[in-house]
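So the protein lines, in turn, are chains A and B.
Numbered per our numbering, the first sequence spans residues 1 to 330.
Numbered per our numbering, the second sequence spans residues 331 to 417.
All residues carry an ideal CB built from backbone N, CA and C; glycine is no exception.
For clarity, every value in this text was computed on a predicted model and none was experimentally measured.
Beneath this line is the structure, given in structure tokens, with notes to follow.
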Amino acid sequence: MNDNYHIFSDGRVERHNDTVRLVTDDDEKKYLPIENAEALFLHGQIDFNTRVISFLDDHGVAMHVFGWNDYYSGSIMPERGQTSGQTVVEQVRAYDDEAHRGKIAREIVDGSIHNMRANVTYYDNRDYDLDSTLDALDRRREEIQSAESVEEAMGVEASARRAYYGIFDQILPEGFVFGGRKYNPPNNKVNSLISFGNSLVYANIVSAIRATALDPTISYLHEPGERRYSLALDLADLFKPVLTDRVVFRLVNRGQLSDDDFDSEMNACLLTETGRETFSKEFEQTLDRTIEHPRLNRKVSYQYLLRVEAYKLKKHLLTGEPYESFERWW
Amino acid sequence: MVYVVAVYDVEADRTRLFLNFLRRYLTHVQNSVFEGEITEGDLEEIKRELDSMLEAGESVIVYRMSSEQYVSRTVYGEDPTDDSHFL
């Protein structure tokens, strides 16, 4: 149960002989082994019927839909296997208790800064002098401890991220100018890569939250209800540096993306289909990487870490065991 | 997770059965040959099911590797496992 399938072709996804198959517009038939599937990511124009939806539902497989411009546009989720009124009650209680909510929010920001810092340290050790950014992140990390409100925590996280993004222009090779984060729509190649990567992180976290009884709309750092699944936004912040940013650096520094992989028009820069495919491949390889987990005493994939994060939060809410957000330890 | 290669030799009119069954778990690489990474649990399920599907004179062989890293695999011509996750 950990394979993601990315469909870039146009065609039809259907149930066939107890598994799922894709029939492309050129009438090519490709089979997707259902038993190990975690989710289908639809990037092309795909038709499907209720029969395949029920079948995916039976197998607990989600379908994440991406729009024409790389943006996540929604998911068709399997019926909730886990339902627990108690979990939702505790989740809301923690949200409603200002002190409790603040504590979880601070913990998430603390972990995010740690993970951004890990990337900076990596490049600091490789011929770049990034001491001032490291200092800035360390100061933000001290600040977060004393943040009194959630807005303040958001502010600290925003300024940490700004300091962190400041190093991108130093690390990225010529031809890849970043100049700060812009989205809706992304204005250059680097921003389009980050946008696409972050939407993949987000969709994978939506799947991970679904595996628990947590309600994806009740969040702690982000304000709930304003945007889609705000709990997924909370947890995605922790993983963006480890997943999105590292994949961006890797692809760009290795020269695996060319101008043909981007489409620029009207102040926007978006990935083309081949660009998205290259990115998704590298992203999936990263999700498949494994690491020895000190507490679970076994090797787990990066993808599984997303699920662990949802489990940890749920356990914290139900048992009061302290929540310690994901901090890259390797 | 384990990496398996499954090959079967069954009556011509019954190959479809095995094909359809194994497609749920593995990638179809050649006539009567499947491979892929699966969980230990799924492997047990596959073995049990295949065993019950067999008739006299037919056989299935499942090669099991503890990981894909232990497989040295060279493909001449087109590799059907290429990008099986990116369609």
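{"Check": "In the DSSP assignment, find the alpha helix (DSSP H) that holds residue 80 of chain A and state where it starts and stops.", "Outcome": "Premise fails: residue 80 of chain A is in no alpha helix (DSSP H) and is neither H nor E."}
{"Check": "Measuring CB to CB, does residue 419 of chain B end up less than 8 Å from residue 38 of chain A?", "Outcome": "Outside the shown range of chain B, which is 331 to 417, sits residue 419 of chain B, and nothing can be said about it."}
{"Check": "Please determine, among A/213, A/228, A/220, A/22, the residue with the shortest C-alpha to C-alpha distance to residue 86 of chain A.", "Outcome": "A/213"}
{"Check": "Under the DSSP definition of a beta bridge, which residues are partnered with residue 337 of chain B?", "Outcome": "B/363, B/391"}
{"Check": "Which residues bound the alpha helix (DSSP H) around residue 100 of chain A?", "Outcome": "98-124"}
{"Check": "What's the C-alpha gap between residue 408 of chain B and residue 205 of chain A?", "Outcome": "35 Å"}
{"Check": "Report yes if the CB atom of residue 106 of chain A is closer than 8 Å to the CB atom of residue 144 of chain A, and no otherwise.", "Outcome": "yes"}
{"Check": "Please report the distance separating the alpha-carbon of residue 363 of chain B from that of residue 382 of chain B.", "Outcome": "19 Å"}
{"Check": "So, using beta-carbon positions, are residue 80 of chain A and residue 52 of chain A closer together than 8 Å?", "Outcome": "no"}
{"Check": "For residue 355 of chain B, return the contacting residues in chain A, with the cut-off set at a CB-CB distance below 9 Å.", "Outcome": "19, 33, 34, 35, 36"}
{"Check": "Cα separation between residue 167 of chain A and residue 76 of chain A?", "Outcome": "37 Å"}
{"Check": "What first and last residue would you give for the alpha helix (DSSP H) that runs through residue 334 of chain A?", "Outcome": "No answer is possible for residue 334 of chain A: it lies beyond the span of chain A, which begins at 1 and ends at 330."}
{"Check": "Kindly say whether residue 6 of chain A, judged by its beta-carbon, lies nearer than 8 Å to any beta-carbon of chain B.", "Outcome": "yes"}
{"Check": "Verify the CB distance criterion: does residue 348 of chain B have a CB-CB separation below 8 Å to chain A?", "Outcome": "no"}
{"Check": "Which residue marks the beginning of the alpha helix (DSSP H) containing residue 204 of chain A, and which one marks its end?", "Outcome": "189-210"}
{"Check": "Using 8 Å as the threshold, is the stretch 150-168 of chain A in touch with the stretch 108-126 of chain A, meaning 3 or more CB pairs across them?", "Outcome": "yes"}
{"Check": "Quick check: what's the CA-CA separation for residue 366 of chain B versus residue 327 of chain A?", "Outcome": "32 Å"}
{"Check": "Relative to the alpha-carbon of residue 254 of chain A, which residue among A/176, A/210, A/209 has its alpha-carbon at the smallest distance?", "Outcome": "A/176"}
{"Check": "For chain B, is any of its Cβ atoms less than 8 Å away from the one on residue 9 of chain A?", "Outcome": "yes"}
{"Check": "For residue 339 of chain B, count the other beta carbons within 10 Å of its own beta carbon; 16 or more makes it buried, fewer makes it exposed. Which is it?", "Outcome": "exposed"}
{"Check": "Between A/230, A/240, A/192, A/171, which lies nearest to residue 201 of chain A when the distance is taken from Cα to Cα?", "Outcome": "A/240"}
{"Check": "Within the 8 Å Cβ cut-off, does residue 282 of chain A reach chain B?", "Outcome": "no"}
{"Check": "Quick one: is residue 30 of chain A near chain B, going by C-beta distance under 8 Å?", "Outcome": "yes"}
{"Check": "Quick check: what's the CA-CA separation for residue 135 of chain A versus residue 35 of chain A?", "Outcome": "48 Å"}
{"Check": "Going by Cα to Cα distance, which pick from A/191, A/140, A/115, A/45 is closest to residue 7 of chain A?", "Outcome": "A/45"}
{"Check": "Under 8 Å, Cβ to Cβ, is there at least one residue of chain A near residue 373 of chain B?", "Outcome": "no"}
{"Check": "Would you say residue 248 of chain A and residue 305 of chain A are within 8 Å of each other, going by their C-beta atoms?", "Outcome": "no"}
{"Check": "According to DSSP, simplified to helix, strand and coil, what is residue 406 of chain B?", "Outcome": "coil"}
{"Check": "Under three-state DSSP, which class holds residue 30 of chain A?", "Outcome": "strand"}
{"Check": "If I measure Cβ to Cβ from residue 271 of chain A and keep anything under 8 Å in the same chain, skipping five residues before and after, which residues do I get?", "Outcome": "70, 192, 193, 196, 261, 262, 263, 279"}
{"Check": "With 16 other CB atoms within 10 Å as the buried threshold, where does residue 400 of chain B fall?", "Outcome": "exposed"}
{"Check": "Could you give the C-beta distance for residue 18 of chain A and residue 354 of chain B, rounded to a whole number, given that I count them as a contact under 8 Å?", "Outcome": "6 Å"}
{"Check": "Assign residue 116 of chain A to buried or exposed, taking buried as 16 or more other Cβ atoms, counted over all protein chains shown, within 10 Å of its Cβ.", "Outcome": "buried"}
{"Check": "Pick out whichever of B/373, B/403, B/398, B/346 has its Cα sitting closest to the Cα of residue 391 of chain B.", "Outcome": "B/373"}
{"Check": "Taking the CB atoms as reference points, tell me whether residue 187 of chain A and residue 297 of chain A lie closer together than 8 Å.", "Outcome": "no"}
{"Check": "Can you round the beta-carbon distance between residue 307 of chain A and residue 211 of chain A to whole angstroms, since I take them to be within the 8 Å contact cut?", "Outcome": "6 Å"}
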